[in-house]
Amino acid sequence: MNTSQPKVYGSIETDPNGNIVNAHWKEITEGVACGEKRSYVASVTIQNGKSAVYGLFPGESAAGAALQHDAIQYAGAGVGAAGMCQVDVLETSLPNGEPSNPKVQWDEKWTVRACGKRSIVTMHFVPDATGTTINVTPKETVALP
1 MNTSQPKVYG
11 SIETDPNGNI
21 VNAHWKEITE
31 GVACGEKRSY
41 VASVTIQNGK
51 SAVYGLFPGE
61 SAAGAALQHD
71 AIQYAGAGVG
81 AAGMCQVDVL
91 ETSLPNGEPS
101 NPKVQWDEKW
111 TVRACGKRSI
121 VTMHFVPDAT
131 GTTINVTPKE
141 TVALP
């Protein structure tokens with residue numbers, strides 16, 4: 001498997017021995033699951049020399065792990081499957097590119113499978129002083145064959 005170049009957020013700090021003590025980056029690796037080609041994404045954080053790795057949804061989502069977790073229920077609402085069946089996120093994309101900074105709103109397109117059907121749900125993320133609001137309009141959802 002080929003691993004893409006990591007996307008580094010901020011700077012990487014090392015100790016005098018060259019060990020990383022503080023850093024944050026995102027890794028993307030291509031793979032196959034259930035016969036479908038996918039990108040696997042992980043967020044890697046090192047704080048004070050202690051590392052943590054969080055699995056993220058496939059693709060280019062600008063949302064972090066906690067926000068992605070919170071947003072899955074909205075993706076389910078976007079396809080009319082909220083509370084009815086499991087929602088699997090197959091791919092995420094940024095149709096307008098990466099947000100220019102963490103305080104601006106952005107849109108994402110999530111390809112999901114729910115109740116045996118695949119759809120593309122437009123996810124609207126609106127950050128403010130208290131967190132990020134997630135908006136979905138079912139009329140924007142596109143059913144896939």
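Residues in the sequence shown are numbered consecutively from 1, following full-length UniProt numbering. Note that the Cβ used here is the ideal one computed from N, Cα and C, for glycine as well.
1. Counting along the chain, where does the alpha helix (DSSP H) carrying A75 start and finish?
2. Taking K50 as the reference, give the member of V21, L67, G64 and G35 with the closest Cα.
3. Starting from residue 146 and walking both ways along the beta strand (DSSP E), at which residues does that stretch end?
4. I'd like to check one pair, P58 with S43: are the Cβ atoms closer than 7 Å?
5. Helix or strand or just coil, what does DSSP make of K139?
6. With the cut-off set at 7 Å, would you say Y54 and A65 are in Cβ contact?
7. Any idea if I134 is buried or exposed, counting beta-carbon neighbours within 10 angstroms, 16 or more meaning buried?
8. Just to confirm before moving on: does the CB-CB distance between V41 and I28 stay below 7 Å?
Walking through what the data contain:
1. The residue you call residue 75 lines up with position 75 of the sequence shown. A75 -> alpha helix (DSSP H) spans A65 to G78.
2. Mapped onto the sequence shown, residue 50 falls at position 50. When only C-alpha atoms are compared, the closest one is V21.
3. Nothing about residue 146 can be read from this structure; the chain reaches only from 1 to 145.
4. The residue given as residue 43 occupies position 43 in the sequence shown. The residue given as residue 58 occupies position 58 in the sequence shown. Not a contact, by the Cβ cut-off of 7 Å.
5. Taking the first residue of the sequence shown as 1, we reach residue 139 at position 139. Helix.
6. Taking the first residue of the sequence shown as position 1, residue 54 is located at position 54. Taking the first residue of the sequence shown as position 1, residue 65 is located at position 65. Contact flag set, yes.
7. Here residue 134 corresponds to residue number 134 of the sequence shown, with the count starting at 1. Classification for I134: buried.
8. In the sequence shown, residue 41 corresponds to position 41, counting from 1. In the sequence shown, residue 28 corresponds to position 28, counting from 1. Cβ distance < 7 Å, so V41 and I28 count as in contact.
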